[in-house]
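Peer 1: Got a structure here, written out as structure tokens. Questions coming.
There are 2 protein chains.
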Amino acid sequence: MLSFTEENYLKAIYRLSEGGTKSVLTSEIAEMMSTKAASVTDMIKKLSLKNLIGYEKYYGVKITKQGKSEALMVIRKHRLWETFLVEKLQFTWDEVHDVAEQLEHIQSNLLIEKLDEFLGFPTADPHGHPIPDKNGKIQTVRQIPLADLVTSKKCVIRSVKDGSPSFLQYLSKIGVYIGAPVVILEKIEFDGSLEILIDGNKKVFISRDAAQNLLVTE
Amino acid sequence: MLSFTEENYLKAIYRLSEGGTKSVLTSEIAEMMSTKAASVTDMIKKLSLKNLIGYEKYYGVKITKQGKSEALMVIRKHRLWETFLVEKLQFTWDEVHDVAEQLEHIQSNLLIEKLDEFLGFPTADPHGHPIPDKNGKIQTVRQIPLADLVTSKKCVIRSVKDGSPSFLQYLSKIGVYIGAPVVILEKIEFDGSLEILIDGNKKVFISRDAAQNLLVTE
DNA sequence: ATATTTTTTTAGACTAGTCTAAACTTTTAT
DNA sequence: ATAAAAGTTTAGACTAGTCTAAAAAAATAT
Numbered sequence: 228m229l230s231f232t233e234e235n236y237l238k239a240i241y242r243l244s245e246g247g248t249k250s251v252l253t254s255e256i257a258e259m260m261s262t263k264a265a266s267v268t269d270m271i272k273k274l275s276l277k278n279l280i281g282y283e284k285y286y287g288v289k290i291t292k293q294g295k296s297e298a299l300m301v302i303r304k305h306r307l308w309e310t311f312l313v314e315k316l317q318f319t320w321d322e323v324h325d326v327a328e329q330l331e332h333i334q335s336n337l338l339i340e341k342l343d344e345f346l347g348f349p350t351a352d353p354h355g356h357p358i359p360d361k362n363g364k365i366q367t368v369r370q371i372p373l374a375d376l377v378t379s380k381k382c383v384i385r386s387v388k389d390g391s392p393s394f395l396q397y398l399s400k401i402g403v404y405i406g407a408p409v410v411i412l413e414k415i416e417f418d419g420s421l422e423i424l425i426d427g428n429k430k431v432f433i434s435r436d437a438a439q440n441l442l443v444t445e
Numbered sequence: 228m229l230s231f232t233e234e235n236y237l238k239a240i241y242r243l244s245e246g247g248t249k250s251v252l253t254s255e256i257a258e259m260m261s262t263k264a265a266s267v268t269d270m271i272k273k274l275s276l277k278n279l280i281g282y283e284k285y286y287g288v289k290i291t292k293q294g295k296s297e298a299l300m301v302i303r304k305h306r307l308w309e310t311f312l313v314e315k316l317q318f319t320w321d322e323v324h325d326v327a328e329q330l331e332h333i334q335s336n337l338l339i340e341k342l343d344e345f346l347g348f349p350t351a352d353p354h355g356h357p358i359p360d361k362n363g364k365i366q367t368v369r370q371i372p373l374a375d376l377v378t379s380k381k382c383v384i385r386s387v388k389d390g391s392p393s394f395l396q397y398l399s400k401i402g403v404y405i406g407a408p409v410v411i412l413e414k415i416e417f418d419g420s421l422e423i424l425i426d427g428n429k430k431v432f433i434s435r436d437a438a439q440n441l442l443v444t445e
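Chains A and B, in that order, give the protein sequences.
Take the first sequence: its letters are residues 228 to 445, numbered as in my numbering.
Take the second sequence: its letters are residues 228 to 445, numbered as in my numbering.
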């Protein structure tokens, strides 16, 4: 049984390693966890003893199969709870993160399987992020940043890459939502901003940064 | 902001003080929390500094108004979550306690108010225990142990006093549920057991202990 | 190739919560 | 009324997780 803290470290390592592919530095973990490198070193030793990560002094860590599986379960719980909060309790998509950060640590397999069923086995959370199934399998669909799409090609908004509350509020305000059909009307060369058409009827300008953070499928 | 542990102590003290009326001994708290008296003494000092309880060395503790209010909020959350688990996720009433013990510590007013609304502002949990409202107000209805009812008087099962999973499973098995109409057919003098009629069609014998643990209204 | 900078680890200390063992108070029994 | 028993508190130690400061290793720059 992992502690709250161990789960959070593992999740951070999983994210930083991009799904377990890259190895991760102490300083990166410290940054993501808002803590100091010395604390990270201590925790790394613990996780390493439990075979959740491989660790070589001074050369960072690599998540193991077992560690990856634990991380995926935490992510599964986080995303199922976010879905619950939005679909059932009418939270807005910018309000769910902090509560889900707490709910993801509740320990009960029965709970999470029943929640999954209650929600109709969703495959993506309110931000469009895929929900791992009970075996940790993630349904991956190739998505590209809206910024990389060519002008006048039709696409659908699938997810937000980094969804800070203020960015999500901004998106709602301009009418962007997961599933929205979008076309790029014009790319402004000066600053890389885009003029886009949402839902076939709303024309807006969005910054290059915003367009990098919106992932779409053609 | 109270810690997980502080909330649990406060809840125990609230229960043992019977809603803040009696004062509570260190050893009683230790017993209920499955810990040692020395640990209780330490925590008592902390809670006392935060004005959640009044404490006089060697003479036990008394919960304050503020402490009572905090305890009631934890109880409110616990019972709302139990209700959610049974009504929405199809848990049985004997499965909910341990999960609710975790969920009750999630910190978010928005969450609990939205959950309350989602559940239709229930006034009792699956065991018939009253759910404090957002101001900590409890709707009290006078209930008596089934054991104290006279023979052949109609009554309705309202709650279980101490609901261990195995007792709850037993009740389900014999057809007792919250809201069930019951009459005592006969009181067996030998051991205080009762023959009762449930739902107008099921005759069963239940022990004196069981009849003490079932609360009813006439 | 060596010196400097950056990063990581170690050492030692701190808080929250727990424990055991010993000291101290109160209660109970004679 | 006093001795024994029971219950409570203190003292000191332990674990989990955190921190700062110093030491050690690696990366970088000349």
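Glycine included, each C-beta is placed from N, C-alpha and C at the ideal position.
Quantities reported herein were computed from a predicted structural model and do not represent experimental measurements.
(1) Can you pull the chain B neighbours of residue 326 (chain A), defined as C-beta to C-beta under 9 angstroms?
(2) Would you list the one or two residues that DSSP bridges to residue 427 (chain A)?
(3) Quick one: using the 10 Å Cβ neighbour count with 16 as the cut-off for buried, is residue 383 (chain A) buried or exposed?
(4) Nearest to residue 326 (chain B) by alpha carbon, out of B:310, B:399, B:337?
(5) In its own chain, which residues sit with a C-beta less than 7 angstroms from the C-beta of residue 350 (chain A), not counting the 5 before and 5 after it?
(6) Could you have a look at residue 306 (chain B) and say whether DSSP puts it in helix, strand or coil?
(7) Classify residue 244 (chain A): buried if its beta carbon has 16 or more other beta carbons within 10 angstroms, exposed otherwise.
(8) According to the neighbour-count rule (16 or more other Cβ atoms, all chains shown, within 10 Å of its Cβ), is residue 440 (chain B) buried or exposed?
(9) Considering residue 392 (chain B), what are the terminal residues of the alpha helix (DSSP H) in which it resides?
(10) Quick check: what's the CA-CA separation for residue 284 (chain A) versus residue 254 (chain A)?
(11) Got a sec: is the Cβ-Cβ distance from residue 342 (chain A) to anything in chain B below 8 angstroms?
(12) Would you call the segment 294-308 of chain B and the segment 238-252 of chain B in contact, with 3 or more CB pairs under 8 angstroms?
(13) I believe residue 337 (chain A) touches residue 322 (chain B) by the beta-carbon criterion, under 8 angstroms. Please report the beta-carbon distance rounded to the nearest angstrom.
(14) Report the neighbours of residue 317 (chain B) on chain A: residues whose CB is nearer than 9 angstroms to its CB, in chain order.
(15) Determine contact between the segment 415-430 of chain A and the segment 334-348 of chain A, defined as no fewer than three beta-carbon pairs at a distance below 8 angstroms.
(16) Looking at the unbroken alpha helix (DSSP H) that takes in residue 253 (chain B), where does it start and where does it end?
(17) What ranges does the alpha helix (DSSP H) occupy inside the segment 278-356 of chain A, keeping only unbroken runs of at least 4 residues that lie completely in it?
(18) State the start and end residues of the unbroken alpha helix (DSSP H) segment that holds residue 267 (chain A).
(19) According to a CB-to-CB cut-off of less than 9 angstroms, which residues of the segment 382-411 of chain B neighbour chain A?
(20) At 8 angstroms on the CB atoms, spell out the chain A contacts of residue 322 (chain B), in chain order.
(21) Consider the Cβ of residue 229 (chain A): report whether some Cβ of chain B lies at a distance smaller than 8 angstroms.
(22) Can you list the residues of chain A that residue 276 (chain B) reaches, using a CB-CB cut of under 7 angstroms?
(23) Per the contact definition of three or more C-beta pairs closer than 8 angstroms, is the segment 305-320 of chain A in contact with the segment 370-380 of chain A?
(24) Looking at C-alpha atoms only, which residue of B:275, B:256, B:277 is the closest neighbour of residue 267 (chain B)?
(25) Thinking C-alpha only, which one of A:316, A:341, A:361 is nearest residue 353 (chain A)?
Peer 2: Based on what the coordinates show:
(1) 333, 334, 335, 337, 338
(2) BP columns for residue 427 (chain A) are empty, so no partner.
(3) exposed
(4) B:310
(5) 357, 358, 366
(6) helix
(7) buried
(8) buried
(9) 392-401
(10) 13 angstroms
(11) yes
(12) yes
(13) 7 angstroms
(14) 341, 344, 345
(15) no
(16) 253-260
(17) 292-314, 324-330, 336-345
(18) 264-276
(19) none
(20) 337
(21) no
(22) Chain A residues near residue 276 (chain B): none, gap ~25 angstroms exceeds 7 angstroms.
(23) no
(24) B:256
(25) A:316
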